[in-house]
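Under mature numbering (1 follows the signal peptide of the UniProt record, and there is no 0), the residues of the sequence shown are numbered -22 to -1, 1 to 93, in order. A short worksheet on the structure shown next.
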Amino acid sequence: MKTFFRPVLFGCLMALCANSYALTESEAEDMADLTAVFVFLKNDCGYQNLPNSQIRRALVFFAQQNQWDLSNYDTFDMKSLGEDSYRDLSGIGIPVAKKCKALARDSLSLLAYVK
């Protein structure tokens, strides 16, 4: 009887542990927010030449630095989350030039790091 319950218990614990490391909704929103920052820089701040591949690497690096598991990334509607974040960012009531300067100062170093 013991030999049956130990593997079952171990399997259940492993399943619980595996799920606990998956990307949370809050983390997905943070990823969408960072994506929106890069999209805003490209579309509104004159950084059209930022390579999408470098932005993707920066996003993955950001997630890895935070020890986030991206295995369930596709379960979130990242397009919708990103669009919401972009709208929120665009709606902040400060001049675009000032917003661009602050966003560039705080996020372009991440792109340079993963280059």
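Here a beta-carbon is modelled for each residue, glycine too, at the ideal position from N, C-alpha and C. Everything numeric in this text was worked out from a predicted model, so none of it was measured.
Quiz item: In chain order, which alpha helix (DSSP H) runs of at least 4 residues are fully inside the region 46 to 84?
Solution: 56 to 68
Quiz item: With 16 as the cutoff for other CB atoms within 10 Å, does residue 4 come out buried or exposed?
Solution: Exposed, because fewer than 16 other Cβ atoms sit within 10 Å of the Cβ of residue 4.
Practice problem: Take every Cβ of the region 40 to 48, pair it with every Cβ of the region 18 to 32, and state whether three or more of those distances are shorter than 8 angstroms. | Solution: no
Quiz item: Should residue 33 go down as buried or exposed, given a rule of 16 or more other Cβ atoms within 10 Å for buried?
Solution: buried
Self-check item: Environment of residue 6 [buried if 16+ CB atoms lie within 10 Å]
Solution: The C-beta of residue 6 has 16 or more other C-beta atoms within 10 Å across all chains shown, which makes the residue buried.
Quiz prompt | Close-in-space but distant-in-sequence residues of the same chain around residue 67 (CB under 6 angstroms, 5 per side omitted) | solution = Exclusion of the five residues before and after residue 67 leaves 14, 18 as the residues of its chain whose Cβ lies within less than 6 angstroms of its Cβ.
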